[in-house]
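See below for the structure under consideration.
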């Protein structure tokens, strides 16, 4: 429930969800004979899929509905009711809820729409219904939801065209789905039947007036029928709880997959018009998912394939991928797709190559395997070939996972069966791909029978493999390792910050803050005029740097406010005057002087920053220094505080990492040292939270063991 | 034919291809009753799909084959034979070809394998068969090919599981396919039936001993049944001819789509093991495709959807995309997918918004259209809503193309029909997407009936839209505009180059070459010792730059061989000594002195280079200056010579383009001037061809109108 701020569900919430997902009796308020109406279709589906509990249709105008005796009101039933399904018009819902309250109904599913999603008037109605439910201790899902499904209880209480028109059984399995969109879960159910994915429970949340996404998420972690959890989200209200449940799921060995809309500006705009709530920044949400080992997906339908793959096979035990095809052309295109997803063909061992030499010529020995190029000797058939040539590849320790790109052939179902069985026997994912739906019907059914996913495109197979390999990497980290240690800030830093007014800190103050936080900062002093600049430079020793200090100026180099490598007094004087002139040209800027610093040259430069996201909390940001990297968006984001290990991994993921790693004869930076400095920044960001909306150290100059803050910007929001 | 170096097919080649793709009579050498054998399946397919020409099975051991009277030999037929299909064992093919020659057979399709693809022995056999065919004027396709298909002539001479097991008619339409892989064309046929794509002709090339890809490509340009041409390639032997035919296709209004394997290192490795021939660099091939208006695709199966979309609708008349869905969630995910492909939602005009106001609340007015959010007033049905709300969007001039993301609902076929018809009426592509195969069967069939493609994934729909918008942009360029002018190089440059030995040019020589080619080059002079360096600096005026000149050193700054901004004699002396010391530490380097240059500072720096690709010719390369851009691979490649307009477009496509365009208060570079300089480099590369394998100007320093070559490297291969 929205008010529930603890991590795990209270007993009441758990019992309420159980009454919704596994009810022994259902009252249908608004039951109808017309299956075009909600009250008709849901009742029809319940019976079509053979729900075993009691069903009480409520309809004051009929004595029977869809063959069942009907009641005038909930009050007339006279037996205990676990779940009331409400599909009547919006203005009758409050009264219906009162009747449920009077009869001790345990939970209500309000399908009816035109509540909060329709504007303030609807929101008021929703609030009144909620108050009645809360007072009576009725757990409520909805309003404006499409319903729920519990495949293992034959409970099809979800308005799905696929269930209505196409399926003869509910796609049953171990995938649990909770969705902020009813149509998305409907589309997932429709697709599941095709790709061989099966559900434990599916939940369409609706307006989340009472029960919300985290309540169901938490429930599924403990649900024995659920092995993988998939969430579709558009917004997140209780993010800390979400990720704390995700951690619990991870400990329970249940992978969590999330698709969150609003990933691109186009999508964010669509979400904003679809939901009223704050979406947060997708990048920061993604960073939290990465840190929590949650598999963030871009497509709710693709999510099914990855989830089913996780249930059908263990995680790949090695990085290498072995690609098989019935033709050289398909193998070549498949190899290109491997490259697109950063996957690497396995390098087969000598024993494997020897075993394969029986069937393949030397030039056909490296992957991908063109099964069409195999030469089957006398007295042997295709089945011998498959077994004797494919099995050594599955057995090779360099192979983590196998993909068969099926070109149309009549033996497809047999190959698919053999391939899947080999995958199971060797504990390695074995995926079969074919884009020619219709042709592959028998093979698809063979895979579904085995509980293995059917991949209708290379793209989806490669995405899945990439994701499984990522999960493998996550598994190798310890799930219980504290993500990072929070650190107490020094008292002097608190004192200093207490004196700062809200707004941009001057470069000098930003650096003072960082020095107090324990960073090595390029010393410097403010010179109000050229003469004192020269005097300061003389004291420090040449060469020096001058930087403008002026109210209203933050991007100093953009306006000619920085002069580097000044070798003598004349140069300092000339530069000071040039900067002062530049400042006088700027409307609104108040020139205070120049900062004089010794010229420090780093072998390499790094950008370290932090940002506070209102929705998702504090984050550390890393990138190579300079304007270019900003332009090319080569940055990494981590929830703050971050561990040194995670920071090192993030640094190595930067495309510009080679610059830090001894590129073209440069001295390599001490990555461990950099990670420690970045960790300190992340601890500062975590400790200050919303009071430090942004911090930007650019550059941090690195030269061997030493790393010095040359420039810094920070915004301070005070308390 | 390989020997054909002219652009268009000779009459003999055209007649030969016609005998293959539209034969009046076919002799089957190796005909069989067993449909598992090649000679059985092809004969069976011919009859299954009702081929109208004469069929003569040849089999010395049978009197009839598959119900047709059989002949002992081609010699026994006694009537004119257009095409001989040869499926017998490899060692009988030469003799069979001799018999064909003796009987005046016009063309031969050699399905038999174990020729050149199997090694040197097979290559010798292939050569002997080819010689017999050439001598007799028999046009030959194959050997080792999977056959051909001409849908409009009911000619199914291609071994396809889909044709054999699933289809009752050949997917017929206006897509012509030529493929270097039989399995790829087989998979395309299988998928075509599902997504609603139809063929004119399909060709599996096999080993291309005689007829090769360009011969069939050229034929299809003139084939009235073909509207779009799709090629699947692994290697290209006659690239100039390929692109010259592509230009002819463009003038004929037939879009050309190419999928070329070997796009990633993984794919290139697979291609190398699959075909013996030189693959060339994918990037350079892609650059030639872009310049020629050829749509390079990454997936042969996706290619079908784009091809069918091109046939079903005109190109989008505007950039904006209008997204429709039956749910807010699907619309949000769809909008994210728009963002992934760089597509932009249309900004609807006031008239459209007014018309839609009848059905949608203000907050639901911006795209994407959540049709589920529409409010249908009394006396109106869903059909009124569809017509009255969707039509204004199709009519809006900002909308170039519409996509409907269908969530499962029973009205899908009707909506798909209406949507497609609106697209046709308004001359705008209208695509329908649904990933839930099985559920959407009726809708899929409705679309196929209309000749419109069915999109089984958002990914494929977005790719298609992106490609159509690119073709629209290409169409807006004139197809007949000369891509660029070749330029005569000055005689002095020729004289200079004639004196150069093969190998890396010294920086000084590389700059001389560029100066002679008309570029502005930073003046400089070689100082063999520190004393003369100081003297030269004094003459030029401080500050100066010193750069190492040494045999065996090309990446000067990597080894500490560059000193910038030297302000006086002491600094020059110290730098010279430091560089000389650095050189003495390098094994194999012979120190010749330092280049002394005035210090020129550019506001912005650019990298301009050229590269000669053995397979695909000379190219111009553009990027921002410095090592970082190289690391981040932010470069653009254009065939040389390139036009100023194309170069400008390429510069604007660089991710780092903002740096050139007045980023954060910098002075914007004169892009036209830069393009002219780059054009001169491209002309140099084109004129010198393989004699200039690589050239690298980095940086070109730009400051207002002036652009000076500060450093250059070049490799000279002499003649």
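Protein chains in written order, with this note's numbering: chain A, 13 to 731; chain B, 13 to 731. Glycine is no exception: its CB is placed at the ideal position from the N, C-alpha and C atoms.
With a cut-off of 8 Å, does the C-beta of residue 718 of chain B fall near any C-beta of chain A? For the purposes of this step, residue 718 of chain B is identified with residue 706 of the second chain, where counting begins at 1. It does not; no Cβ of chain A falls within 8 Å.
Do you know whose CA, among B:654, B:626 and B:107, lies nearest residue 706 of chain B's CA? Counting from one through the second chain, the residue named residue 706 of chain B turns up at place 694. Taking the Cα of residue 706 of chain B as reference, the smallest distance to any Cα among B:654, B:626 and B:107 is reached at B:626.
Do residue 336 of chain B and residue 415 of chain B have their beta-carbon atoms positioned less than 8 Å apart in this structure? If you number the second chain from 1, residue 415 of chain B lands on position 403. If you number the second chain from 1, residue 336 of chain B lands on position 324. Their beta carbons are under 8 Å apart, which means residue 415 of chain B touches residue 336 of chain B by this criterion.
Please report the distance separating the alpha-carbon of residue 88 of chain A from that of residue 432 of chain B. Mapped onto the first chain, residue 88 of chain A falls at position 76. Mapped onto the second chain, residue 432 of chain B falls at position 420. Roughly 52 Å between the two C-alpha positions.
Alpha helix (DSSP H) runs contained entirely in the segment 319-357 of chain B, provided each spans 4 or more residues: If we require 4 residues or more, the alpha helix (DSSP H) runs fully inside the segment 319-357 of chain B come out as 340-352.
Within 10 angstroms of its Cβ, does residue 265 of chain A collect 16 or more other Cβ (buried), or is it exposed? For this step, residue 265 of chain A is matched to residue 253 along the first chain. The residue is exposed, with fewer than 16 neighbouring Cβ atoms inside 10 Å.
Using a Cβ-Cβ cutoff of 9 Å, what residues of the segment 187-207 of chain B are near chain A? List them in chain order. Correct list: 191, 192, 193, 194, 195, 196, 197, 198, 199, 200, 201, 202, 203, 204, 205, 206 and 207.
Count the CB pairs spanning the segment 471-483 of chain B and the segment 294-309 of chain B that are closer than 8 Å, and state whether there are at least three. In short, these stretches touch, since the Cβ pair count reaches three.
Please identify, using Cβ separations under 9 Å, the residues of the segment 644-657 of chain B that lie next to chain A, in order along the chain. Residues 644, 645 and 646.
Assigned secondary structure, residue 547 of chain A (DSSP; H/G/I helix, E/B strand, else coil): In the first chain, residue 547 of chain A corresponds to position 535, counting from 1. Look at residue 547 of chain A here: in three-state DSSP terms it is helix.
Any idea which residues DSSP pairs residue 605 of chain B with across the strands? What you label residue 605 of chain B is simply residue 593 of the second chain in a count that begins at 1. DSSP output for residue 605 of chain B lists B:561 as bridge partner(s).
Neighbouring residues, chain B, relative to residue 342 of chain A (Cβ below 8 Å): In the first chain, the residue the question calls residue 342 of chain A occupies position 330. Going along chain B in sequence order, the residues near residue 342 of chain A (Cβ under 8 Å) are 193, 195, 196 and 199.
With 8 Å as the threshold, decide whether the Cβ of residue 184 of chain A is near any Cβ in chain B. Start at 1 with the first residue of the first chain, and residue 184 of chain A comes out as number 172. At least 8 Å separates the CB of residue 184 of chain A from every CB of chain B.
Can you give the beta carbon distance from residue 12 of chain B to residue 349 of chain B, rounded, assuming they're within the 8 Å contact cut? There is simply no residue 12 of chain B to check, as chain B begins at 13 and stops at 731 in what is shown.
Using only alpha-carbon positions, find the residue among A:225, A:245 and A:486 that is nearest to residue 328 of chain A. Numbered from 1 along the first chain, position 316 holds the residue referred to as residue 328 of chain A. Minimum Cα-Cα distance from residue 328 of chain A among the listed residues A:225, A:245 and A:486 corresponds to A:486.
Quick check on this structure: which residue in B:42, B:85 and B:111 has the alpha carbon closest to the alpha carbon of residue 78 of chain B? As a working note, residue 78 of chain B is residue 66 in the second chain. Considering only B:42, B:85 and B:111, the residue with the shortest C-alpha distance to residue 78 of chain B is B:42.
If I measure Cβ to Cβ from residue 549 of chain A and keep anything under 6 Å in the same chain, skipping five residues before and after, which residues do I get? Counting from 1 along the first chain, the entry for residue 549 of chain A is found at position 537. Non-local beta-carbon contacts of residue 549 of chain A in its own chain, meaning distances under 6 Å to residues more than five positions away in sequence, involve 556, 584 and 608 in chain order.
Looking at the C-beta of residue 234 of chain B, does it have a partner C-beta in chain A at a distance below 8 Å? Counting from 1 along the second chain, the entry for residue 234 of chain B is found at position 222. For residue 234 of chain B, the answer is no, since every Cβ of chain A falls outside 8 Å of its Cβ.
According to DSSP, residues forming a beta bridge with residue 162 of chain B: By one-based count along the second chain, residue 162 of chain B stands at place 150. Under DSSP, residue 162 of chain B takes part in a beta bridge, and its partners are B:167 and B:213.
Contacts around residue 169 of chain B, its chain only, beta-carbon distance under 6 Å, and the 5 residues preceding and following it disregarded: Start at 1 with the first residue of the second chain, and residue 169 of chain B comes out as number 157. Same-chain partners within the cutoff: 54, 159 and 160.
Tell me whether residue 443 of chain B sits in a helix, a strand or coil according to DSSP, three-state version. Position 431 of the second chain, counted from the start, is the residue given in the question as residue 443 of chain B. The answer is strand: DSSP assigns residue 443 of chain B an E or B state.
Examine chain B for any beta-carbon lying closer than 8 Å to the beta-carbon of residue 577 of chain A, and answer yes or no. Taking the first residue of the first chain as position 1, residue 577 of chain A is located at position 565. Interface residue, yes.
Answer with yes or no whether the minimum CB distance from residue 101 of chain B to chain A is below 8 Å. Mapped onto the second chain, residue 101 of chain B falls at position 89. Not one chain A Cβ lies under 8 Å of residue 101 of chain B.
Coarse secondary structure for residue 503 of chain A, derived from DSSP in three states: Taking the first residue of the first chain as 1, we reach residue 503 of chain A at position 491. Note: residue 503 of chain A maps to helix in three-state DSSP.
Considering only C-alpha positions, which residue in the set A:582, A:560 and A:518 is nearest to residue 547 of chain A? Your numbering for residue 547 of chain A matches position 535 in the first chain. For residue 547 of chain A, the nearest C-alpha among the options comes from A:582.
Candidates A:209, A:317, A:351 and A:313: closest to residue 277 of chain B by CA position: Here residue 277 of chain B corresponds to residue number 265 of the second chain, with the count starting at 1. The candidate whose alpha carbon is nearest that of residue 277 of chain B is A:351.
C-alpha gap between residue 33 of chain A and residue 249 of chain A, whole angstroms: If you number the first chain from 1, residue 33 of chain A lands on position 21. If you number the first chain from 1, residue 249 of chain A lands on position 237. One C-alpha to the other measures close to 23 Å.
I'd like to know whether the C-beta atoms of residue 96 of chain A and residue 123 of chain A end up nearer to each other than 8 Å. As a working note, residue 96 of chain A is residue 84 in the first chain. As a working note, residue 123 of chain A is residue 111 in the first chain. Not a contact, by the Cβ cut-off of 8 Å.
Would you please state the rounded distance, in angstroms, between the beta carbons of residue 561 of chain A and residue 606 of chain A? I believe it to be under 8 Å. Numbered from its first residue, the first chain carries residue 561 of chain A at position 549. Numbered from its first residue, the first chain carries residue 606 of chain A at position 594. Contact between residue 561 of chain A and residue 606 of chain A holds, with the beta-carbon distance rounding to 6 Å and staying under 8 Å.
May I have the straight-line CA-CA distance separating residue 163 of chain B from residue 76 of chain B, to the nearest angstrom? Taking the second chain and counting its residues from 1, the one referred to as residue 163 of chain B is at position 151. Taking the second chain and counting its residues from 1, the one referred to as residue 76 of chain B is at position 64. Take the alpha-carbon of residue 163 of chain B and the one of residue 76 of chain B: they are about 27 Å apart.
Candidates A:38, A:338 and A:113: which alpha carbon is nearest residue 196 of chain B's? Numbered from 1 along the second chain, position 184 holds the residue referred to as residue 196 of chain B. Per the Cα distances, A:338.
So, at 8 Å on beta carbons, what are the nonlocal neighbours of residue 21 of chain B in its own chain, with the 5 sequence-adjacent residues on each side left out? Residue mapping note: residue 21 of chain B aligns to position 9 of the second chain, counting from 1. Counting only Cβ-Cβ distances below 8 Å, and skipping sequence neighbours, we find 29, 227, 230 and 231.
Other residues of its chain near residue 463 of chain A: CB distance less than 6 Å, five sequence neighbours each side excluded: By 1-based counting over the first chain, the position of residue 463 of chain A is 451. Only 324 meet the Cβ criterion.
DSSP state of residue 125 of chain B, grouped into three classes? In the second chain, residue 125 of chain B corresponds to position 113, counting from 1. DSSP places residue 125 of chain B in coil when its eight states are reduced to three.
With distance defined between alpha-carbon atoms, name the residue in A:702, A:367 and A:319 nearest to residue 185 of chain A. As a position in the first chain, residue 185 of chain A is number 173, starting the count at 1. Considering only alpha carbons, the answer is A:319.
Report the rounded CA-to-CA distance for residue 773 of chain B versus residue 472 of chain B, giving the unit in angstroms. This structure gives no information on residue 773 of chain B, because the portion of chain B shown stretches from 13 to 731.
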